[in-house]
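Visitor: Take this structure first; my questions come after.
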Amino acid sequence: MVIPIILALITILSVVMALKKKRPVLFVLPIASIIVIAVVKIVMVPLPFWETVQFIFNLRG
Numbered sequence: 001m002v003i004p005i006i007l008a009l010i011t012i013l014s015v016v017m018a019l020k021k022k023r024p025v026l027f028v029l030p031i032a033s034i035i036v037i038a039v040v041k042i043v044m045v046p047l048p049f050w051e052t053v054q055f056i057f058n059l060r061g
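The numbers in the numbering used here rise by one with no breaks, and the one at position 42 of the sequence shown is 42.
Pasting the structure below:
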């Protein structure tokens with residue numbers, strides 16, 4: 001529950017700052033934070049990192 005709130009705050013703040021300061025680079029911040037959270041969640045799995053990544057991409061839906 002905390003992670004979506006943090007992501008929402010990061011997104012809102014980065015959009016406001018990007019529009020105020022006219023710096024479009026700040027629009028990358030929400031995407032980068034999502035990637036960082038995904039990597040942290042993958043690292044938390046008690047398997048070796050590469051095996052976890054292979055398992056995630058080998059899942060068939």
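Cβ coordinates follow ideal geometry from the N, Cα and C atoms, glycine included.
#1: From F55 to K41, what distance separates their C-alpha atoms?
#2: What is the DSSP secondary structure of P48, counted as helix, strand or coil?
#3: According to DSSP, is L29 helix, strand or coil?
#4: Do I10 and I37 come within 8 Å of each other at the CB atom, strictly closer than that value?
#5: Quick check on K21: does DSSP put it in helix, strand or coil?
Guide: Taking the coordinates as given:
#1: 14 Å
#2: coil
#3: helix
#4: no
#5: helix
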